[in-house]
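Worksheet: the structure to be examined is printed underneath.
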Amino acid sequence: MMRACTMEFKGNWNDHLPLMEFAYNNSFHSSIRMAPYEALYGRRCRIPVCWDIEGLPQLEGPELVQETVEKIKIVKKYLKAAQD
């Protein structure tokens with residue numbers, strides 16, 4: 001991803017580094033079977049395009065904690081499988 005961006009942005013690729021980081025953190029990773037952002041926060045990143053979408057379930061309190069714990073278990077399982 002970084003190589004493609006470096007070629008696209010030519011001399012000023014470092015100005016776009018935050019955008020590349022955002023794209024990387026929100027891209028699907030096959031080793032953990034989700035995006036790093038989702039693994040860390042337990043939910044998909046809500047970018048401005050998604051903020052106006054109604055009907056998306058919002059978790060709060062204990063439900064959010066429980067779902068995050070479950071996501072951590074899944075990520076650990078996939079990381080272990082990827083290392084074996």
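Using UniProt numbering, the first residue of the sequence shown is number 1, and each one after it goes up by one. A virtual CB, placed ideally from N, CA and C, is assigned to each residue, including glycine.
In terms of CA proximity to Val-65, Tyr-41 leads the group Tyr-41, Arg-3, Gln-83, Arg-46.
Within the same chain, and ignoring the five residues on either side of Gln-83 in sequence, no residue has its Cβ closer than 6 Å to its Cβ.
A distance below 8 Å between beta-carbons, with the five flanking residues on each side excluded, links Tyr-78 to the following residues of its chain, in chain order: Ser-31, Ile-32, Arg-33.
Taken atom to atom, the span from the alpha-carbon of Phe-28 to that of Arg-3 is near 18 Å. Rounded to the nearest whole angstrom, the C-alpha separation of Ile-74 and Pro-36 is 13 Å.
In this structure, the straight-line span from the alpha carbon of Asn-26 to that of Leu-17 is close to 14 Å.
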